[in-house]
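>
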Amino acid sequence: MLRSNVSRIDPKRRNVLDCRKKQLAEAAYKDTDYPHRLNFYSTPPTADITIEQFEQWAIDRLRILAELEACSFRNKTPAETASHMKPLLDKYLPLDTNSSSSSQLFAQRQKDHYSHFILRLAFASTEDLRRRFTRVETMLFRMRLNADDGRERAAFINSLNLDWETVSDEEKRELAAELAATASFGGSRKGQQQQQQQQQYEEDQQTWCKVSWLRVPELVEQRRVFLRHGYAYVPAREQQAMVVSEFSSRLERQLELTARALPRLDEDDRLTPILAHLSKNFITPDASYVGTSSAISSADISARNIDNLVNNHHFPACMSHLHRTLRRDAHLKHYGRLQYTLFLKGIGLNLEECLLFWRQSFNKITDDTFNKEYRYNVRHTYGDVGGDSNRRGGGYSPYSCQKILTEHPPGPGEAHGCPYRHFNLENLQTLLQQGMGVTDRGVLNGVKEDKEKQKFHMACNRVFEHLHKEELKKAKDEGIMTAAQLETIVHPNKYFKRSYLLKNMGKMQGDVKMEG
1 MLRSNVSRID PKRRNVLDCR KKQLAEAAYK DTDYPHRLNF YSTPPTADIT IEQFEQWAID
61 RLRILAELEA CSFRNKTPAE TASHMKPLLD KYLPLDTNSS SSSQLFAQRQ KDHYSHFILR
121 LAFASTEDLR RRFTRVETML FRMRLNADDG RERAAFINSL NLDWETVSDE EKRELAAELA
181 ATASFGGSRK GQQQQQQQQQ YEEDQQTWCK VSWLRVPELV EQRRVFLRHG YAYVPAREQQ
241 AMVVSEFSSR LERQLELTAR ALPRLDEDDR LTPILAHLSK NFITPDASYV GTSSAISSAD
301 ISARNIDNLV NNHHFPACMS HLHRTLRRDA HLKHYGRLQY TLFLKGIGLN LEECLLFWRQ
361 SFNKITDDTF NKEYRYNVRH TYGDVGGDSN RRGGGYSPYS CQKILTEHPP GPGEAHGCPY
421 RHFNLENLQT LLQQGMGVTD RGVLNGVKED KEKQKFHMAC NRVFEHLHKE ELKKAKDEGI
481 MTAAQLETIV HPNKYFKRSY LLKNMGKMQG DVKMEG
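438 is the number that UniProt numbering gives to position 438 of the sequence shown; each next residue is one higher, with no gaps.
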């Protein structure tokens, strides 16, 4: 009976089933060798890893990609970006060279390999995510390629078997004048510059290659190659750009193939929620993942001092707006109270002081009304009442930027949410100017551009850097805070902690060095 049913299957359909069986059959455990530091990610990983590794490796890579994108939006030069990213890469996604003889080479390269493919699954669903993922992965690859050891880089490029044709010695002699002119970047110069260009040509002449000019349009536009019969003759110093271009174009094609395979992942209820969360976090990384506490033990975090902290610009725009609305109306609606209470809890305001703060702020109601309608909710937020799991867990965690941006958008009369996203431009600029003291037109115009591009966390970081520019300069110049400690802020409580430590550097350098 079974055989009869199979025989009735359409031949085309049977081929599809056979292909799927073959794919599943090949997805068995395989030992993966990593002879090179760099990777084109052509072969998907197939070995077993734990679900915890799956999630954490992806999160670590996402932090790197988000920070790279932030460097791009801040118009950092390649050198500035490399300098800023080095400590972050060493912390979250290290890749040592073969010559380092590190015992961690395999583990590092395995994490790099797997984390790329995990994020590829997470960001293949839409054209916008695919485009952004390709752009930042290409930035990461280019940075690593430029920083790689010369011999190891050459060995890696040779292993790719790219469709390049090496220019023969005979052809180089025939085109010596043209190649020499190309080596001079198309300009006629004299004296020492001519000498340097001739030396560069002599170094390059042994390693010219030629490819179709369509594969290197940027080099053609910049006149960095010699064109002949539809081929571009590329010197060695420009071949890295070709490798990067090849990486980008291959990744674009592979992401399209991945997008077609995504429906099959819906059957795995362990992976789908993780991948959905990761793709949502590409709006801005979810800082709650790393679980850093923003409480500062030596700070005066009390009900009577909250106004002072706000006036000293330690609060981000979202919390500053909630506070000023509370002071104006002596009231906040439910989600505003929840968002603000969790933030205050995160900066170190204890339960007793928090209850005192809310009672003093709600000064238009009686004690009886406050105790009946609001007191329990504050205690529940802190984990003081409620179910066993809530009490054991210490209540709720402060909201990250990602959560504020994507959940419970504010309605009429509500003050929660993210001003950079939920305010119109006029109201946002009024808040920044009157509430936070931002009057610089360049900063305000930059915030406007960030808002239009939906880079809301970048707008917040732009304001932070403006309000703390003197302290940031001092922290960098004196080495008080590292680049890793100054990575892009993606949590309101992180904003507060960094602001407070920067403003009080002279009093608490030990705490500043621990920030991160």
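Built from N, CA and C at the ideal position, the CB exists for glycine as well.
Between leucine 38 and threonine 50, what straight-line distance do the alpha-carbon atoms span, to the nearest angstrom?
Roughly 24 Å between the two C-alpha positions.
> At the level of alpha carbons, what is the spacing between phenylalanine 464 and glutamate 449?
Those two C-alpha atoms are separated by around 16 Å.
> What distance in whole Å lies between the Cβ atoms of leucine 332 and alanine 415, which are believed to be in contact at a cut-off of 8 Å?
Their Cβ separation, rounded to whole angstroms, is 6 Å, which keeps alanine 415 and leucine 332 in contact under 8 Å.
> Do phenylalanine 370 and phenylalanine 357 count as a contact pair if the criterion is CB distance below 8 Å?
Not in contact: phenylalanine 357 and phenylalanine 370 (Cβ atoms no closer than 8 Å).
> Select from Leu275, Gln222, Asp269 and Lys455 the residue whose C-alpha is nearest the C-alpha of proline 419.
For the residues Leu275, Gln222, Asp269 and Lys455, the minimum Cα distance to proline 419 belongs to Lys455.
> Report yes or no: do three or more beta-carbon pairs, one from the region 233-245 and one from the region 217-225, lie closer than 8 Å?
A contact exists between the region 233-245 and the region 217-225.
> Looking only at its own chain, which residues have a Cβ that is under 6 Å from the Cβ of serine 499, when we skip the five neighbours before and after it?
Here the set comprises His314.
> In whole angstroms, give me the CA-to-CA distance for lysine 364 and aspartate 329.
The alpha-carbon atoms of lysine 364 and aspartate 329 are separated by roughly 9 Å.
> Between Met436, Arg462, Glu152 and Pro409, which has its C-alpha nearest glycine 446's C-alpha?
Of Met436, Arg462, Glu152 and Pro409, the residue nearest in Cα terms is Arg462.
> Suppose the cutoff is 6 Å on Cβ atoms and the five residues either side in sequence are ignored; what does the same chain contact list for leucine 65 look like?
Excluding positions up to five away in sequence, the list reads Val136.
> Going by the beta-carbon positions, is the gap between valine 310 and serine 297 smaller than 8 Å?
No.
> Would you kindly report the start and end of the unbroken alpha helix (DSSP H) that includes lysine 280?
Note, lysine 280: alpha helix (DSSP H), 271-280.
> Can you grab the Cα-Cα spacing for the pair tryptophan 57 / leucine 105, in whole Å?
Taking the straight line from one Cα to the other gives about 16 Å.
> May I ask you to report which of helix, strand or coil DSSP gives lysine 76?
Looking at lysine 76 - three-state DSSP - the assignment turns out to be coil, as it is neither helix nor strand.
> Verify whether the separation of the beta carbon atoms of glutamate 487 and glutamate 67 is less than 8 Å.
Cβ distance < 8 Å, so glutamate 487 and glutamate 67 count as in contact.
> Taking buried to mean at least 16 other C-beta atoms within 10 Å of its own C-beta, is asparagine 308 buried or exposed?
Counting Cβ neighbours within 10 Å, asparagine 308 comes out exposed, since fewer than 16 surround it.
> Would arginine 132 and alanine 124 qualify as a contact pair, given that the criterion is a beta-carbon distance under 8 Å?
Contact: no.
> In its own chain, which residues sit with a C-beta less than 8 Å from the C-beta of lysine 503, not counting the 5 before and 5 after it?
If we look at lysine 503 and ignore the five residues flanking it on each side, its Cβ neighbours are Asn312, His314, His468 and Glu471.
> Do the region 378-388 and the region 338-352 touch if we need at least three Cβ pairs shorter than 8 Å?
Judged by Cβ distances under 8 Å, the region 378-388 makes contact with the region 338-352, as three or more pairs qualify.
> Find out if the Cβ-Cβ distance for the pair glutamate 55, isoleucine 274 is shorter than 8 Å.
Yes, they are a contact pair.
> By the 10 Å Cβ neighbour count, where 16 or more other Cβ atoms means buried, how is arginine 109 classified, buried or exposed?
Flag for arginine 109 reads buried.
> What is the DSSP secondary structure of arginine 132, counted as helix, strand or coil?
Of the three classes helix, strand and coil, the one that applies to arginine 132 here is helix, per DSSP.
> Could you check what DSSP says for lysine 210 in three-state terms: helix, strand or coil?
Lysine 210 falls in the strand class under three-state DSSP.
> By Cβ distance below 6 Å, which residues in the same chain neighbour leucine 432 in space, the five residues on each side in sequence not counted?
Excluding residues within five positions, the ones whose Cβ falls inside 6 Å are Val438.
> Helix, strand or coil for alanine 180 per DSSP?
Helix, per DSSP.
> Three-state secondary structure (DSSP) at leucine 227?
It is a strand residue.
> Would you list the residues sitting across from tyrosine 233 in a DSSP beta bridge?
Answer is Lys210 and Phe226.
> Would you mind sorting glutamine 254 into buried or exposed? The rule is 16 or more other CB atoms within 10 Å of its CB.
By the neighbour-count rule (16 or more Cβ atoms within 10 Å), glutamine 254 is buried.
> DSSP beta-bridge partners for threonine 406?
In the DSSP output, where bridge partners are listed per residue, threonine 406 has none listed.
> Within its chain, find whatever has a CB closer than 6 Å to the CB of valine 385; leave out the 5 residues flanking it on each side and keep chain order.
Once the five neighbours on either side are set aside, the close Cβ partners of valine 385 are Arg379.
> Can you tell which of His466, Leu425 and Lys451 has the C-alpha that lies nearest to the C-alpha of valine 443?
Per the Cα distances, His466.
> Tell me glutamate 165's beta-bridge partners as DSSP assigns them.
Paired residue(s): Lys210.
> Use the C-beta contact count for alanine 107: other C-beta atoms within 10 angstroms, 16 or more gives buried, fewer gives exposed.
Exposed: under 16 other Cβ atoms inside 10 Å.
> By a C-beta neighbour count over all protein chains shown, 10 Å radius and 16 as the cutoff for buried, is lysine 372 buried or exposed?
That one is exposed.
> Taking leucine 405 as the reference, which of Asn427, Val243 and His491 has the closest Cα?
The shortest Cα separation from leucine 405 among Asn427, Val243 and His491 belongs to His491.
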